[in-house]
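Following our numbering, the numbering of the sequence shown begins with 10 at its first residue and continues without gaps. Note that CB positions come from ideal geometry on N, CA and C, so glycine has one too. Okay, structure first, notes after.
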Amino acid sequence: MTEEKPRVIQEYVPGKQVTLVHLIAHPDVKLTEKLGLARDTAVGIMTITPSEAAIIAADRALKVAPVEIVFVDRFTGSLVITGPVSALEAALKEANSFLFQQLGFQRAELTRS
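So this is what it looks like as structure tokens:
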């Protein structure tokens, strides 16, 4: 008897939108270790559609604040950056605002945990 594997289908809705902008100010040590990050760093996360715009968001984030790119994926629209909380907040806000004001994206509210 063979087990059926679950099938996952991902769909992207056409349009220009930032779907998530989140800042983890004090991530758990287990999370930072799993991601290979320094213990005392904050983490910023964005997801963007169309996914190639993650490259633009990363560029804007780097230009406005001393943050580091941990991960940027032009195929999924994921962006993960690290740095001090104040720098991350500035970088995330700038990337979100630039996509909205200059490129007509729907923006997401910056959330924190």
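Other residues of its chain near residue i: CB distance less than 8 Å, five sequence neighbours each side excluded
{"i": "residue 51", "result": "32, 33, 34, 35, 36, 91, 92, 93, 94 and 97"}
{"i": "residue 25", "result": "58, 59, 62, 108, 112, 113, 114 and 115"}
{"i": "residue 135", "result": "The question about residue 135 has no answer here: the residues shown for the chain are numbered 10 through 122."}
According to DSSP, residues forming a beta bridge with residue i
{"i": "residue 80", "result": "89"}
{"i": "residue 58", "result": "26"}
{"i": "residue 33", "result": "52"}
{"i": "residue 121", "result": "32"}
Where residue i sits in the DSSP three-state scheme
{"i": "residue 94", "result": "helix"}
{"i": "residue 69", "result": "helix"}
{"i": "residue 50", "result": "coil"}
Chain-order list of residues whose beta-carbon lies under 6 Å from that of residue i (same chain, five-residue window excluded)
{"i": "residue 74", "result": "96, 99 and 100"}
{"i": "residue 122", "result": "33"}
{"i": "residue 41", "result": "48"}
Item to complete: Kindly confirm or deny that the region 113 to 120 and the region 76 to 86 touch, where touching means at least three C-beta pairs closer than 8 Å.
Response: no
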